[in-house]
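Notes follow the structure.
Residue numbers (the working numbering): 2 to 139.
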């Protein structure tokens, strides 16, 4: 996390993120205990315009797995996470990143059991997905 935090513009940063992903996948109990610092770093990095597509994809996979292992503990982070993902969907031009973002959103909602109950958040998510569908059809 320290390496990721202080070398944000490093072009090999996605390798450090993959190490974090491997850590989360192989030691879920430890990842659960480190949830707050991991989330504190990952969510703001999601919307960083200087991030490479490889980094953002690795970040989305890491968030998906973190949500899988931490399940209901992620519920309090879901509003910020969904907002960050919808912002990413609106601003990204890379189809791979958009696909990863949609997959992450679906898996995060599924694993955390989060229910979108605020109408503005629900409409924001639906509007983002509809824009992508319209764009893909053209």
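Quick reminder that beta carbons are idealized off the backbone N, C-alpha and C, glycines included.
Counting C-beta atoms within 10 angstroms of its own C-beta, residue 16 has fewer than 16 neighbours from the protein chains shown and is therefore classed as exposed. Excluding residues up to 5 positions away in sequence, 83, 87, 106, 117 lie with their Cβ nearer than 8 Å to the Cβ of residue 126 in the same chain. At the C-beta level, residue 108 and residue 65 come within 8 Å of one another.
The three-state reading of DSSP puts residue 54 in helix, counting H, G and I together. Residue state for residue 115 is assigned as coil, using DSSP reduced to three classes.
Annotated as proximal: residue 32 and residue 70, with beta-carbon spacing under 8 Å.
Taking a 10 Å sphere around the C-beta of residue 58, we find 16 or more other C-beta atoms and assign the residue as buried. Going by DSSP, residue 33 is part of the alpha helix (DSSP H) stretching over 29-34. Along the length of the stretch 45-103, whole alpha helix (DSSP H) runs at least 4 residues long occupy 54-71, 79-92, reported in chain order. Inter-residue distance for residue 98 and residue 28 is about 26 Å (C-alpha atoms, whole angstroms).
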